[in-house]
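Undergrad: Please read through the structure below; I'll follow up with questions.
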Amino acid sequence: MIAKSCRMQPIHHRKEVESKRRWMASSIYSFCLLVMISLISSIGFAVMTKVGMPKWWYLQPNKTTKFYNPSKPAAAGIFHLITALILYGYLIPISLYVSIEIVKVLQAMFINQDINMYDDESGNPAQARTSNINEELGQVDTILSDKTGTLTCNQMDFLKCSIAGVAYGVGSSEVEIAAAKQMASEASNATNEKHGNLEIWDDQVDDFGTSKIEPENGVSSNEKKPKIRNFSFEDGRLMHGNWTAEPNVDTILLFLRILALCHTAIPEPNEESGGFKYEAESPDEVAFLVAARELGFEFCKRTQSSVFIHEKYTSGLPTEREFKILNLLEFNSKRKRIVIFERLSKDGRIYEDNTRKHLNEYGEAGLRTLALAYRKLGESEYNSWNIEFLKAKTTIGPDREAQLDHVADMIERDLILVGATAVEDKLQKGVPQCIDKLAQAGLKIWVLTGDKMETAVNIGFACSLLRQGMKQICISTMRTNLIGHDAKVAIKENMLMQISNASQSVKLEKDPHAAFALIIDGKALTYALENDMKKQFLSLAIECASVICCRVSPKQKAMVTRLVKQGTGKTILAIGDGANDVGMIQEADIGVGISGVEGMQAVMASDFSIAQFRFLERLLVVHGHWCYKRIAQMICYFFYKNIAFGLTIFYFEAFTAFSGQSIYDDWYMLLFNVILTSLPVISLGVFEQDVSSEVCSQFPALYQQGPKNLFFDWYRIFGWMGNGLYSSLTIFFLTIGILSDQAFRLGGQTADMAVVGTTMFTGIIWTVTLQIALTMSHFTWIQHLFVWGSIATWYIFLLGYGFSSPMFSRDEYRILMEALAPAPIYWVVTLLVATACNAPYLAHISYQRTFHPMDHHVIQEIKHYKKDVEDEIMWKRERSRARQETKIGFTVRVDAMIRQLKGRLQKKMYSLNGQNVT
1 MIAKSCRMQP IHHRKEVESK RRWMASSIYS FCLLVMISLI SSIGFAVMTK VGMPKWWYLQ
61 PNKTTKFYNP SKPAAAGIFH LITALILYGY LIPISLYVSI EIVKVLQAMF INQDINMYDD
121 ESGNPAQART SNINEELGQV DTILSDKTGT LTCNQMDFLK CSIAGVAYGV GSSEVEIAAA
181 KQMASEASNA TNEKHGNLEI WDDQVDDFGT SKIEPENGVS SNEKKPKIRN FSFEDGRLMH
241 GNWTAEPNVD TILLFLRILA LCHTAIPEPN EESGGFKYEA ESPDEVAFLV AARELGFEFC
301 KRTQSSVFIH EKYTSGLPTE REFKILNLLE FNSKRKRIVI FERLSKDGRI YEDNTRKHLN
361 EYGEAGLRTL ALAYRKLGES EYNSWNIEFL KAKTTIGPDR EAQLDHVADM IERDLILVGA
421 TAVEDKLQKG VPQCIDKLAQ AGLKIWVLTG DKMETAVNIG FACSLLRQGM KQICISTMRT
481 NLIGHDAKVA IKENMLMQIS NASQSVKLEK DPHAAFALII DGKALTYALE NDMKKQFLSL
541 AIECASVICC RVSPKQKAMV TRLVKQGTGK TILAIGDGAN DVGMIQEADI GVGISGVEGM
601 QAVMASDFSI AQFRFLERLL VVHGHWCYKR IAQMICYFFY KNIAFGLTIF YFEAFTAFSG
661 QSIYDDWYML LFNVILTSLP VISLGVFEQD VSSEVCSQFP ALYQQGPKNL FFDWYRIFGW
721 MGNGLYSSLT IFFLTIGILS DQAFRLGGQT ADMAVVGTTM FTGIIWTVTL QIALTMSHFT
781 WIQHLFVWGS IATWYIFLLG YGFSSPMFSR DEYRILMEAL APAPIYWVVT LLVATACNAP
841 YLAHISYQRT FHPMDHHVIQ EIKHYKKDVE DEIMWKRERS RARQETKIGF TVRVDAMIRQ
901 LKGRLQKKMY SLNGQNVT
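When we follow the UniProt record's numbering, the leftmost residue of the sequence shown carries the number 1, and every step to the right adds one.
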């Protein structure tokens with residue numbers, strides 16, 4: 001654990017550094033501005049020292065020092081440069097770092113407390129494990145996702161099987177059930193059909209997948225039984241020991257024993273049921289063991305060399321059988337198969353054609369398939385192989401795994417096919433809708449899975465990753481008779497040709513709305529990730545709306561993530577749930593772990609954790625959108641207010657012959673960023689909402705403001721800096737112009753430096769506070785308190801500071817009560833300054849909203865005129881205009897299933913009509 005933590009720490013440090021670069025670049029520009037005006041000030045002071053000081057007799061130029069020596073103006077200018085750098089230091093937003101850290105921590109707290117990302121079933125809330133990259137949640141360009149346990153529940157249900165070429169199981173997958181429901185809906189709307197035909201149609205689809213619609217030669221059961229976890233199989237031909245009456249009883253017996261024997265699970269007594277529950281490395285193994293138990297073969301005990309099975313498939317007592325385990329070839333991500341050798345005495349037959357047909361059907365229904373086979377070994381053949389196996393197993397060094405793979409390949413050949421299984425790993429709740437929303441938000445989604453290509457494609461359709469009208473680009477390695485280096489060269493040339501042809505097809509596509517999907521298998525990906533081909537592969541992949549990588553190892557997941565991140569230079573998010581996803585999560589800019597059944601490795605390596613994939617939509621589309629805009633507006637405003645304040649000091653110094661004197665009291669300057677303007681900025685970064693969370697979800701296209709960086713590009717940054725420059729000029733010259741030549745008090749006295757400085761500072765406080773109020777789109781009572789409380793705090797401080805001891809307050813002694821408050825000109829100047837400074841911003845916003853509105857401006861106008869989500873007709877119309885209509889992939893899969901079922905039901909109706917005529 002210590003080593004793991006040490007390895008993970010630099011990852012988060014890297015992300016922390018990268019997240020600061022966006023505003024650090026702007027800070028560099030502020031520093032350049034600081035140096036520039038400091039140089040101007042020092043040069044101006046040197047000139048005035050040489051030219052002006054001899055004329056100013058009241059300064060006693062004959063009593064010079066090294067700081068004010070007319071004969072050495074260069075030295076005086078250099079010393080003054082230090083003074084200027086200190087005086088103008090407010091141009092650099094040093095307090096911005098502290099404010100951003102506070103805001104990000106509070107944003108993370110709101111993410112953690114979001115009830116809409118709390119999973120009732122597991123009791124796990126969303127968790128922001130770091131607050132350094134909140135704003136990058138709103139700038140994600142590509143999502144790389146694992147499949148099993150991330151998009152799916154990782155809870156396998158044994159649904160169907162094929163034994164000796166015969167299909168068993170009348171249950172239905174999610175796709176098949178959805179197809180039947182849609183068929184029933186279509187039939188009920190088909191008013192032009194005869195009433196009798198409708199009755200037949202409805203009768204056939206009412207209980208689809210349970211009793212009415214059956215596979216060929218299928219037998220179903222109408223008995224209502226309690227739901228068994230991991231077991232949704234239903235077929236009377238195999239249940240209750242009826243399989244003993246089947247023609248291929250020996251093959252069925254072998255099939256069931258393989259399910260009960262070939263695994264690495266551990267049985268544990270189940271006190272509730274009196275049987276056993278199983279702990280296994282894979283949920284597939286649990287489904288197989290539960291299926292074997294329900295069909296009469298209960299795995300009950302394991303020792304180092306034996307497996308014990310309770311066999312009860314007739315009305316007699318159960319028989320305990322012991323099977324000796326000679327060797328175990330464990331699963332690994334490279335071989336992707338597992339074989340256990342037992343002493344078997346039964347032969348089997350090969351039913352390859354029918355089994356392949358059934359496997360294809362199961363794959364089309366989105367099921368996970370596994371073929372079962374065995375091989376009979378002679379004693380001498382096994383002994384010779386076992387010697388090689390023991391050598392490989394006892395090898396020490398880096399070649400051990402390669403030698404084990406070699407001896408496994410020696411024995412895993414000439415197998416005799418027994419049958420196949422089909423288990424359903426159901427999609428998590430809301431996955432298709434979540435992926436559809438993320439696609440509408442403009443995010444590119446890659447799925448990196450260990451499944452074969454056919455299964456991955458079917459799952460892609462089921463979860464909306466693949467949609468109707470998408471043009472699929474499939475890349476795989478060719479088969480060649482060449483060996484060694486020649487084979488590798490031939491395969492790479494073929495791969496390069498496939499990628500080049502696909503890229504050319506994408507470029508020549510005339511339809512601007514055409515969408516492409518890239519599907520590539522693991523072996524082809526191995527070549528595609530090599531240095532001489534990865535650029536061509538990436539250029540093709542980023543042109544596709546969806547990418548599916550099949551048969552991918554954990555190392556390849558990390559390599560793909562690194563390639564996309566480095567090749568595109570955009571923000572990449574990786575999401576997974578298991579230990580095999582840790583590398584991918586750590587390589588991404590943002591790592592999201594799902595706290596599922598695969599342990600906590602992915603969560604511990606992640607930046608954010610959620611309990612269900614569907615919560616990713618809210619994490620990105622809502623919190624990501626908010627955090628990005630809040631941080632962007634907060635940084636821009638910080639530069640604005642510091643420039644508006646800092647440049648007035650420069651103007652006054654130039655006005656006073658670059659004397660180095662500040663017009664403001666030291667306490668004013670100290671409290672400006674720390675107290676008087678800090679809380680409104682924090683409230684902006686924590687509570688600001690351009691639109692509500694419901695609107696973010698209903699208009700996911702708003703998310704694109706983040707990846708396009710519309711609120712923190714150089715145009716906007718320089719715009720805010722220009723606004724600060726204008727405000728500083730207006731504040732200074734308007735205040736100086738009004739107060740310099742007019743009587744300030746009834747007695748005819750003019751304003752002294754303390755009065756001018758305090759009046760000017762009051763104008764700054766009102767200007768920057770009103771500016772942030774105009775910037776906010778959403779107000780809570782906390783924001784009202786912080787914004788208007790900041791102005792009140794200034795007057796309270798000024799009152800208290802004035803009543804303090806004259807030794808402490810000096811020129812500001814009772815300045816508010818005796819000098820400023822009784823003078824109408826003070827209030828007039830404050831009003832004029834605040835109005836003049838914010839009028840251009842109001843004009844700009846009004847013009848933009850009227851003639852060039854942004855997306856959120858339109859939605860804000862709709863809500864302002866009470867046309868909100870309660871107006872369903874208008875809202876649906878606006879939603880349809882705001883996003884591109886697509887037909888999701890789940891519908892495509894359902895439509896295909898409907899066509900198949902319609903054909904079968906049409907045949908049944910013809911048959912029934914023929915019988916009625918007869």
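By construction, the Cβ of each residue, glycine as well, lies at the ideal position given by its N, Cα and C atoms.
Heavy atom of the ligand SAM less than 7 Å from the Cβ of Ala644, yes or no?
TA: The model on display carries no ligand, and the ligand SAM is accordingly not part of it.
Undergrad: Does the stretch 389 to 406 come close enough to the stretch 139 to 150 that 3 or more CB-CB pairs lie under 8 Å?
TA: Segments in contact, no.
Undergrad: Give me, in chain order, the residues of the same chain whose beta-carbon lies closer than 7 Å to that of Pro267; leave out the 5 immediate sequence neighbours on both sides.
TA: So the qualifying residues of the chain are Phe276, Tyr278, Phe299, Cys300, Lys301 and Arg302.
Undergrad: Gly748 to Val622, Cα distance in whole Å?
TA: Using only the alpha carbons, I get a separation of about 59 Å.
Undergrad: If contacts are defined as beta-carbon pairs under 8 Å, then Gly149 and Gly596 qualify, I think. What distance do you get, rounded to the angstrom?
TA: The pair is a contact, with the Cβ atoms about 5 Å apart (cut-off 8 Å).
Undergrad: Would you tell me roughly how many angstroms separate the C-alpha atoms of Gln698 and Gln612, rounded to the nearest one?
TA: Going from the Cα of Gln698 to the Cα of Gln612 covers about 20 Å.
Undergrad: DSSP three-state call for Gly123: helix, strand or coil?
TA: Three-state DSSP puts Gly123 in coil, outside helix and strand.
Undergrad: Pull up the DSSP beta-bridge partners for Glu298, would you.
TA: The partner list for Glu298 (beta bridge, DSSP) reads His310.
Undergrad: In terms of alpha-carbon separation, which member of Val418, Val431, Asp666 and Phe851 lies closest to Ile258?
TA: It is Val418.
Undergrad: Around the C-beta of Pro10, are 16 or more other C-beta atoms found within 10 angstroms, so that it is buried, or is it exposed?
TA: Reliability fails at Pro10, whose pLDDT of 36 lies under 50, so the model's placement of it is uncertain and the value that follows must be treated cautiously. Its Cβ having fewer than 16 others within 10 Å, Pro10 is exposed.
Undergrad: Would you report the Cα separation of Pro318 and Leu295, rounded to the nearest angstrom?
TA: Using only the alpha carbons, I get a separation of about 12 Å.
Undergrad: Report yes if the CB atom of Glu617 is closer than 8 Å to the CB atom of Cys434, and no otherwise.
TA: Contact flag set, yes.
Undergrad: Going by CA-CA distance only, name the one from Phe732, Leu647, Ala843 and Gln860 that's closest to Leu87.
TA: Taking only the C-alpha atoms, the option nearest Leu87 is Leu647.
Undergrad: Would the beta-carbon of Asn133 fall within 8 Å of that of Asp436?
TA: One detail in the question is off: residue 133 reads as Ile in this sequence, not Asn. Cβ distance not < 8 Å, so Ile133 and Asp436 don't count as in contact.
Undergrad: Would you call Tyr847 buried or exposed, if buried means 16 or more other Cβ atoms sit within 10 Å of its Cβ?
TA: Tyr847 comes out exposed.
Undergrad: Need the endpoints of the beta strand (DSSP E) that Tyr168 sits in, please.
TA: Per DSSP, Tyr168 belongs to the beta strand (DSSP E) from Val166 to Tyr168.
Undergrad: Using a Cβ-Cβ cutoff of less than 7 Å, which residues in the same chain neighbour Asn242 once the five nearest sequence positions on both sides are dropped?
TA: Excluding sequence neighbours, Asn242 sits near Gly236.
Undergrad: Can you give me the C-alpha to C-alpha distance between Ala836 and Ile736, rounded to a whole angstrom?
TA: Cα-Cα distance, rounded: 15 Å.
Undergrad: Are the beta-carbon atoms of Phe687 and His625 separated by less than 8 Å?
TA: In this structure, His625 does not lie closer than 8 Å to Phe687 by Cβ.
Undergrad: Are the Cβ atoms of Ile499 and Ile475 separated by less than 8 Å?
TA: Against a cut-off of 8 Å, the Cβ pair of Ile475 and Ile499 comes out as a contact.
Undergrad: State the Cα-Cα distance for the pair Lys557 and Ala588, rounded to the nearest angstrom.
TA: Distance between the alpha carbons of Lys557 and Ala588 is about 11 Å.
Undergrad: Please report whether the beta-carbon of Ser553 lies at a distance below 8 Å from any beta-carbon of chain D.
TA: Going by chain labels, chain D is absent from the structure shown, which holds only one protein chain.
Undergrad: Whose C-beta lies closer than 8 Å to the C-beta of Phe231 among residues of the same chain, with five residues either side of it excluded?
TA: Excluding residues within five positions, the ones whose Cβ falls inside 8 Å are Asp157, Phe158, Ala287, Val290, Ala291 and Glu294.
Undergrad: Using the Cβ count rule (16 or more neighbours within 10 Å means buried), how would you classify Cys32?
TA: Cys32 is exposed by the Cβ-count criterion.
Undergrad: Just to confirm before moving on: does the CB-CB distance between Phe808 and Tyr664 stay below 8 Å?
TA: Going by C-beta atoms, Phe808 is not nearer than 8 Å to Tyr664.
Undergrad: Between which two residues does the beta strand (DSSP E) containing Trp788 stretch?
TA: No beta strand (DSSP E) holds Trp788; the alpha helix (DSSP H) holding it covers Trp781 to Gly802.
Undergrad: Assign Ile796 to buried or exposed, taking buried as 16 or more other Cβ atoms, counted over all protein chains shown, within 10 Å of its Cβ.
TA: Looking at its Cβ environment, which holds fewer than 16 other Cβ atoms inside 10 Å, Ile796 is exposed.
Undergrad: Between the C-alpha atoms of Cys696 and Tyr703, what's the straight-line distance to the nearest angstrom?
TA: Distance between the alpha carbons of Cys696 and Tyr703: 8 Å.
Undergrad: Which same chain residues end up closer than 7 Å to Pro680 when comparing Cβ atoms and leaving out the 5 residues on each side of it in sequence?
TA: Result list for Pro680: Thr769, Ile772, Phe786, Val787 and Ser790, in chain order.
Undergrad: Would Met453 and Met495 qualify as a contact pair, given that the criterion is a beta-carbon distance under 8 Å?
TA: No. Outside cutoff.
Undergrad: Measure the beta-carbon distance from Ser95 to Val674 and round it to whole angstroms, keeping in mind my assumption that it falls under 8 Å.
TA: Indeed, because the Cβ distance is near 7 Å, the residues count as touching under 8 Å.
Undergrad: Answer yes or no: do Asn838 and Thr775 have a C-beta to C-beta separation smaller than 8 Å?
TA: Cβ atoms of Asn838 and Thr775: not closer than 8 Å.
Undergrad: Give me the DSSP bridge partner(s) of Tyr278.
TA: Paired residues: Pro267.
Undergrad: Starting from the C-beta of Tyr826, find all residues in its chain whose C-beta is less than 6 Å away, skip the five residues before and the five after it, and write them out in chain order.
TA: Closer than 6 Å at Cβ, skipping near neighbours: Thr759 and Leu820.
Undergrad: Just how far apart, CA to CA, sit Lys346 and Leu254?
TA: Confidence at Lys346 is low in this model, with a pLDDT of 42, below 50, so the placement of that residue should be treated as unreliable; the coordinate-derived value is given next. C-alpha separation (whole angstroms): 7 Å.
Undergrad: CB-CB under 8 Å to Asp114, same chain, minus the five flanking residues each way: which ones, in chain order?
TA: Correct list, in chain order: Pro125, Ala126, Arg618 and His623.
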